[in-house]
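There are 6 protein chains.
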Amino acid sequence: MQKIITFGEILGRFSPPNNLRFSQATSFEVIYGGGEFNVAASLSNYGLDVEFVTALPQNAIAECAMRTIKSFGVGYKHILRQGKRLGLYFLENGASGRNSTVVYDRDDSSISQVQPGDINWDEVLDGATWFHWSGITPALSPNAAEVCLEGVRAAAAKGLTISTDLNYRKKLWKYGKEPKDVMPELLSYSNVILGDVDTALFMLGKDKLDPDYTTDVEAKEVFDKVFELLPNLKTLAMTYRNSVNASHQIIGGLLYNEGKMYRARLNEVTPVVDRVGTGDAFMGGLIYGLCEYADNLKKAVAFATGACVIKHTIFGDVNRASKQEVLNFIESDGSAKVDR
Amino acid sequence: MQKIITFGEILGRFSPPNNLRFSQATSFEVIYGGGEFNVAASLSNYGLDVEFVTALPQNAIAECAMRTIKSFGVGYKHILRQGKRLGLYFLENGASGRNSTVVYDRDDSSISQVQPGDINWDEVLDGATWFHWSGITPALSPNAAEVCLEGVRAAAAKGLTISTDLNYRKKLWKYGKEPKDVMPELLSYSNVILGDVDTALFMLGKDKLDPDYTTDVEAKEVFDKVFELLPNLKTLAMTYRNSVNASHQIIGGLLYNEGKMYRARLNEVTPVVDRVGTGDAFMGGLIYGLCEYADNLKKAVAFATGACVIKHTIFGDVNRASKQEVLNFIESDGSAKVDR
Amino acid sequence: MQKIITFGEILGRFSPPNNLRFSQATSFEVIYGGGEFNVAASLSNYGLDVEFVTALPQNAIAECAMRTIKSFGVGYKHILRQGKRLGLYFLENGASGRNSTVVYDRDDSSISQVQPGDINWDEVLDGATWFHWSGITPALSPNAAEVCLEGVRAAAAKGLTISTDLNYRKKLWKYGKEPKDVMPELLSYSNVILGDVDTALFMLGKDKLDPDYTTDVEAKEVFDKVFELLPNLKTLAMTYRNSVNASHQIIGGLLYNEGKMYRARLNEVTPVVDRVGTGDAFMGGLIYGLCEYADNLKKAVAFATGACVIKHTIFGDVNRASKQEVLNFIESDGSAKVDR
Amino acid sequence: MQKIITFGEILGRFSPPNNLRFSQATSFEVIYGGGEFNVAASLSNYGLDVEFVTALPQNAIAECAMRTIKSFGVGYKHILRQGKRLGLYFLENGASGRNSTVVYDRDDSSISQVQPGDINWDEVLDGATWFHWSGITPALSPNAAEVCLEGVRAAAAKGLTISTDLNYRKKLWKYGKEPKDVMPELLSYSNVILGDVDTALFMLGKDKLDPDYTTDVEAKEVFDKVFELLPNLKTLAMTYRNSVNASHQIIGGLLYNEGKMYRARLNEVTPVVDRVGTGDAFMGGLIYGLCEYADNLKKAVAFATGACVIKHTIFGDVNRASKQEVLNFIESDGSAKVDR
Amino acid sequence: MQKIITFGEILGRFSPPNNLRFSQATSFEVIYGGGEFNVAASLSNYGLDVEFVTALPQNAIAECAMRTIKSFGVGYKHILRQGKRLGLYFLENGASGRNSTVVYDRDDSSISQVQPGDINWDEVLDGATWFHWSGITPALSPNAAEVCLEGVRAAAAKGLTISTDLNYRKKLWKYGKEPKDVMPELLSYSNVILGDVDTALFMLGKDKLDPDYTTDVEAKEVFDKVFELLPNLKTLAMTYRNSVNASHQIIGGLLYNEGKMYRARLNEVTPVVDRVGTGDAFMGGLIYGLCEYADNLKKAVAFATGACVIKHTIFGDVNRASKQEVLNFIESDGSAKVDR
Amino acid sequence: MQKIITFGEILGRFSPPNNLRFSQATSFEVIYGGGEFNVAASLSNYGLDVEFVTALPQNAIAECAMRTIKSFGVGYKHILRQGKRLGLYFLENGASGRNSTVVYDRDDSSISQVQPGDINWDEVLDGATWFHWSGITPALSPNAAEVCLEGVRAAAAKGLTISTDLNYRKKLWKYGKEPKDVMPELLSYSNVILGDVDTALFMLGKDKLDPDYTTDVEAKEVFDKVFELLPNLKTLAMTYRNSVNASHQIIGGLLYNEGKMYRARLNEVTPVVDRVGTGDAFMGGLIYGLCEYADNLKKAVAFATGACVIKHTIFGDVNRASKQEVLNFIESDGSAKVDR
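Sequence lines, in order, name chains A, B, C, D, E and F.
Each residue of the first sequence is one higher than the one before, starting from 7 at the first, in my numbering.
Each residue of the second sequence is one higher than the one before, starting from 7 at the first, in my numbering.
Each residue of the third sequence is one higher than the one before, starting from 7 at the first, in my numbering.
Each residue of the fourth sequence is one higher than the one before, starting from 7 at the first, in my numbering.
Each residue of the fifth sequence is one higher than the one before, starting from 7 at the first, in my numbering.
Each residue of the sixth sequence is one higher than the one before, starting from 7 at the first, in my numbering.
Listed below in structure tokens is the structure:
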């Protein structure tokens, strides 16, 4: 039985209702989410045993985030209640030719102020089989990066599978270091990575390739570049995303493992209900797929891609789709008729 | 002057606002509708004299349904006020690749508990020219099926035109009988039927044909199968629906009468505002078309199809479009410019 | 440094929320806007110095309109506070094949009752470089037409650039005169006109041409017809709009100046968030473009078109896009990725 | 069997939600109401046969008002569909020490532009037993006053009971006449009047008395002054209202008939949900009480007062209380326990 | 360490927003609650270990109720997932002199259809110290009454403390039995009862006393009547409620134990935010008080009363107040100053 | 002509709608306010010339605060656009016996990170006649305290009137200093102070007096203690507030100047719409009163008290009442009748 630990941040997300711009809003919809939590919630929805590890302050707003964590059945017993504030971000939803915008207000959040040693990794990882982190955490602060490294090392020492979503966010990474100063050591432990090749190379301090994924041969060639740099890497996956405009996306998925390339079908998504968290939905589907369909990797990447497609239709950061709904989608033609 | 009776159920419909899933909703939009009532409301909007016959309990929520009926100018003087509850259903609206879902909670609704003899059909049908029912009512309970048969027989005896929307709902039909046990006798009286050929054959206990409608010759061939089985049938119509995804539909219409096939143009509908009740809008447009454009059946099916297309853009079960708006649409190119 | 005066009306706009029809609404969203004010707000958003001239009554609802004017940083010191009511209009938003509808309730609004001499044009235009008006104002009442002519003459006498949006609204023009009785003299002073050629010819009392804009040669030929009739005209621009349906528009732009035709790329807009004010957004972008990119008219028309495209995604009458956002859009491929 | 005609205006009422001020609102709640219509709706709720007579324009917003009229089961067959606009008013709801404010925008509404002769009073009053009008109508325009007089005379000629709510509104009466120029003749036909004595004297061109109602003797003395001036008056009623603040009212009622004074108990109302239409609720209850409890005038005034009290708890202009609810209230101690 | 089992029903509650009447609502607020669940949620909020036992169907709406249960940290592992529907009720919130109204739609809910033997009481009660049920459950159906009796007997056999809220609901009890046919045996096992004396006597088939609680002597006298009839009763408590009107309540509490009477102070509550669930809040506070302040019963009844008072200010069925908030309230003067 | 500078912070305020608790909210109402800005907005509403001085970051959310500042007509040209975040706070609105709660999230806001020298006080104060600050600013950070002192000294040097609202907030003051370390020097320059005597003594490092204000003699005695400690003080004012519960307040005001005590009448406020900013409303009314009614200090304190009372009925931080509305209130009996 799998037991999965995800480590990272959960934030308050404030967004104007409907398609209003920030300057028009007189109220904000509020939900609580964050890359690594969203993955945990997906996995719990699919029926896996999952714990989310983070730090949250002791106040009434952080309690709302706790309530969200509990409502998804995600384990929370290792969450530190310390530090001074819950990280926040503001989201203006785009439409058609107007892009969505994120304004971060997560400086000095509890997780970014966590101290090395605060988390008892031995206890946290006890009995676990899988450890997941993303490139957002080391972008927050030197402390967060160091604590992340503690976790990764402890997980590797205990023989857990380690997965990583590269999640490069330009507006973070403000504390004086660049990804290439921090990520190579962290990524060296990863067994599963989600992200496109150029982002991986950039984080590893290498040059961009502008790869072409048209044929499997082309795709393998560039994927192999990443494998050469990361000794423990077994599986590299990426979302294929053609952004026609903010409301219209074409979504597919690729998975590369032991020299074989697996692809999921392309799916038209229009209109997009909520773009945020769709990558996390892919990641959640990927971990689930690798655990449950280890002998059918085509199904694993199809599951991850289907999860990602459905998430585009769901408000909030989290993919509120059950395992059965994802399976129904990937086995259907996508016509989505009324079920009555 | 036409006077139309529709017989069936009106329910409370509860749906999460916007595109929320059930699990996210903290409020439900509430409207009152149901297949046969929706047809009545359409006809009243077009200016016809129409009575809705059903049973509703004596309580404050049923009063809300009554108020909806009155607000459309539909006649209500034959509605029985008896039984214990208003039927309900819950609707989760889909988007793109996520389908809409209906959860029925209509067991023991007043109409399903109606007793043979409760409705004085002689009085109800007095002065009427047209009787409409749908395949939903006999699916509810043995009582409802029997009372429906009472009505159909009385209408036939008085020489009314009888129309039927097949409306097959898999999640109903739970009381131990199958459509083929009940529908053949009921349908034997119908003069006008709305529904696709395979549903008709299934309800009549025959095998599926997987018909092809590409050419009129192919279409006629399969339509004729239905006519062979139903001695009183004069007009068979169907909605042509290509469901690209839950938010994107392509809609046309066919009508077959005295060996001639009439088609309406195909219309792209995206985005869909509300999918529910679009078949009822077609049915309402069809009855109106057959009454008013009896000598121009191409216009009749165009009117029905136009009504169906416009309904996709209107929130709620009922097609809140006037006769003039439907005519404007079918005479336009669909560019829908601002009227100012 | 440019200083721009726009003259016209600001109204209260009441619209059912979401996609509700009038008959379903239990509340109306309320915003304040109007063609010439929307242009002023756009220009203020881009950083120009702009004054809006109108008449508003002394009551609490008109104060709300004043507050909107102030909130955009538009100058308001020449606004007359007189007359008896704020003009209103009701907007039902369409979707797919259902068109939007406007119900005007602007009779006897303060601006329509303004008397010749009420506005001290000498003071208003002092220090100004540009005067903008639209074809809506002379459609309101004989008084409004006469005061508009006062303004145009005063602006011409002071050597200001004069721009006009033709803005033909069939539902206005009810006071007994037709555009051809009033517009020729008014337009004779215009240096910049926004509008299609057939509307221009109609307002000048000439016959329709049904022009074809496929090639520049064809387009120039018809544009030249308008220049022949208007001695002071230097620049004629038009929005190219292909209305697929109410939710799906394809938008481009043309600008003709000193015998040269400049075109902006075509842009797909779907879904449309708010169609109203998109022409005003083009006009605002055009004035800005002509002021700032006078030596690069291709950029000027691209800016105007980009502003128009973005406005389709913004709720309300006003284009709440900054100069930088418009520039980002016209330099991008329109994929509108999340900015985070 | 009573058949009641009420004559007057129905308007669109726009109010900020919750307790927002005009300057804060981004949406307005919209309902349709007006003094004489509110009375009609009350009477229909109590089960009487009632027709509302007014003039409404032919447009989509007026259709919303029509739909409201129909939804209360009030007769509408004599409503003229002519003229140019629906009257509107804006309501800012007060609270505690901040008063509610009304901004009228009803100039040139259809009813104010009605012409003498437009209404066929013979047809309207055929079969009727009661005619109701209020002091708002003659305040609107000379035309409205004249048409009201036509109606009053026709009703008197046919022997109907005539009732009047004085309803003095300072912000109306702007067309050059004062109440004393118009009201004396109109009121001379009234058999039942609702209003306080000083308002009656003011409308009849007499001096104020600042009456004291503490004892029945004092009250009778001042009531008699009004009877001296109005030959046909039989019943004079008034609401006793102590306005502690905008959210806290103490409400009672008095009725004077054939020299006898009848009083209803005082009721504390806090908080007030909606103050508007509470006088109309009293009027509706009064007419009902005089019709149904003619031999028990203490019950009649208790019914009117109870209706007024309950209306304070109901959003909108109309008293959505049934006859049974009013009776329950006047027979209870007002503790208003949950009914479950 | 206490472990508490509560047994009963959780329902969907639909209520018009703000103070709207049913007939005005276009949406319903939806929350999930029910007497015995509300008690469980209170206890979980105070930090106790609590399991809720009920039956819920397998559908998407019941999942929403499950999500609510989980979100309060209440145990749910013994909930049966069977039967056909979630019980519903509709709540119209009153104000001032208008009472709140409940319309039940809970026939055939899963708990009412539960069969004797369906619940494995041995497993459910294993390790538990306290069993709570209320008079609502035996009112639902013969089955529910019988299963409740199974639970009570099993709890008594295992030596658990048994508490009961009498909760008499006139609109339930429709299956042919009266409380006196069912309740005496059930109540004979109760150690703690919440309810007024006349309700207790009525349920036990005895005559009403109209007791007076002014002095402790008077109160004891009537309380003793109940103790005479119930051999296992140790503690009898009641809420003292003076309902000034629907928005204004005066709340106190009494507790009688081993011949001693304990009283909590009276508290003015105005305005009432939500009246429903205030009795359950008292019950939850009472169980907590009896467990934690067993040696200070004055504090126990003060805690129960304080919880009840605070619940009046909280939307929904459940008392979302922490233990600390209740303690702060009972130790304060009730002035409720801003905490900042 | 007065020109007033207020210096301090504007924050984003997020509050659950209606009376929801934090744990229930799925959206937050958002407004922008802060003690010193609220004063500026009040003064601008009354017609005075006022500039608000603060620091705000360069991001889209801070733009919303800017837009609020502009919409009140408050001057903003000296606002620094620097630093990293907009200060935020979360407000849970209480009711009856449940208190409101504030959760601050304003650490590292731009104003708290401002550096000495950042503000060019010479330029800011040029032409000004009055400088206002409050005890919140020095509570934020050592920097903010130092910059505040710079401003106070510069204002004193230029001979401006200096006013201060003591505004003690226990949850602030976290940077290692106590009020008595910082406030004595700052307050030594103040000419006008708003606050109660015990807060003043506490901030000046003196012992509490628990003063009694029943008679003027008693009140003067304790007020004199404060004057002894502050050489430049001319006017000391305080709000008299009796908090019955969170929804019910009794409000009066005192003003002490040159040995004379002036009192405003007591006012009952129930229900309270919004408690936050009522002290700022008093302060704004006080400055206005001292400027405009310098020779009638009874009117000055009545104006301040009336402004405070009205603010309790207005949503948001800012007192959206005009000068005329405040005057109407203080001249009325508070019955707050509908103005129509």
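From the three backbone atoms N, C-alpha and C, an ideal C-beta is built for every residue, glycine too.
Please list, in chain order, the chain G residues whose beta carbon lies closer than 9 Å to that of residue i.
i	result
residue 79(A)	As a matter of chain content, chain G is missing from the structure shown, whose protein chains are A, B, C, D, E and F.
In chain E, which residues lie less than 9 Å from residue i when you measure between Cβ atoms?
i	result
residue 286(D)	Per Cβ cutoff of 9 Å: no residues; residue 286(D) is ~17 Å from chain E at best.
residue 43(B)	In chain order: nothing, as chain E lies at least about 18 Å away.
Using the beta-carbon of each residue, which ones in chain A are nearer than 7 Å to residue i?
i	result
residue 73(E)	77
Under a Cβ-count criterion, where at least 16 other Cβ atoms within 10 Å of its own Cβ denotes burial, should residue i be classed as buried or exposed?
i	result
residue 221(F)	exposed
residue 189(B)	buried
residue 63(C)	buried
residue 289(C)	buried
Just to make sure I have the definition right: I need the residues of chain E whose C-beta is within less than 8 Å of the C-beta of residue i. Which are they?
i	result
residue 249(F)	341, 342 and 343
residue 326(D)	27, 29 and 30
Specify, as a first and last residue, the run of the alpha helix (DSSP H) that residue i falls within.
i	result
residue 288(E)	284 to 298
Could you spell out where the beta strand (DSSP E) holding residue i opens and where it closes?
i	result
residue 67(D)	Where residue 67(D) is concerned, there is no enclosing beta strand (DSSP E), although the alpha helix (DSSP H) it sits in stretches over 66 to 77.
residue 266(E)	266 to 275
residue 94(E)	94 to 98
Give the interface partners of residue i over in chain F, defined as CB-CB distance under 7 Å, in chain order.
i	result
residue 103(D)	273, 275, 315, 316, 319, 335, 340 and 342
Determine the chain C residues that contact residue i at a beta-carbon separation under 8 Å, and present them in chain order.
i	result
residue 33(D)	23, 33, 34, 35 and 36
What residues from chain E crowd round residue i, counting only those whose CB sits closer than 7 Å?
i	result
residue 177(F)	346
Can you list the residues of chain A that residue i reaches, using a CB-CB cut of under 8 Å?
i	result
residue 322(C)	30
Whose Cβ in chain F lies nearer than 8 Å to the Cβ of residue i?
i	result
residue 100(D)	319, 342 and 344
For residue i, which residues in chain C fall below 7 Å Cβ to Cβ?
i	result
residue 281(A)	344
Residue ranges of each alpha helix (DSSP H) within the region 315 to 341 of chain F, 4 or longer: Runs of the alpha helix (DSSP H) inside the region 315 to 341 of chain F: 329 to 337.
Ordered list of beta strand (DSSP E) runs contained in the region 112 to 162 of chain B, each at least 3 residues: At a cut-off of 3 residues, the continuous stretches assigned as beta strand (DSSP E) that sit fully inside the region 112 to 162 of chain B are 136 to 140.
Cβ contact check for the region 311 to 319 of chain E and the region 135 to 153 of chain E: 3 or more pairs under 8 Å: Not touching, per the Cβ criterion.
Contained beta strand (DSSP E) runs [length at least 3] in the region 7 to 57 of chain E, N- to C-terminal order: Within the region 7 to 57 of chain E, the complete beta strand (DSSP E) segments of 3 residues or longer fall at 9 to 13, 17 to 21 and 33 to 39, listed in chain order.
Touching by the beta-carbon criterion (3+ pairs, under 8 Å), the region 294 to 312 of chain F and the region 17 to 29 of chain F: With the cut-off at 8 Å, the region 294 to 312 of chain F and the region 17 to 29 of chain F do not touch.
The region 155 to 167 of chain A touching the region 206 to 226 of chain A, judged by at least three CB pairs closer than 8 Å: The region 155 to 167 of chain A, when compared against the region 206 to 226 of chain A, does not touch it at the 8 Å Cβ threshold.
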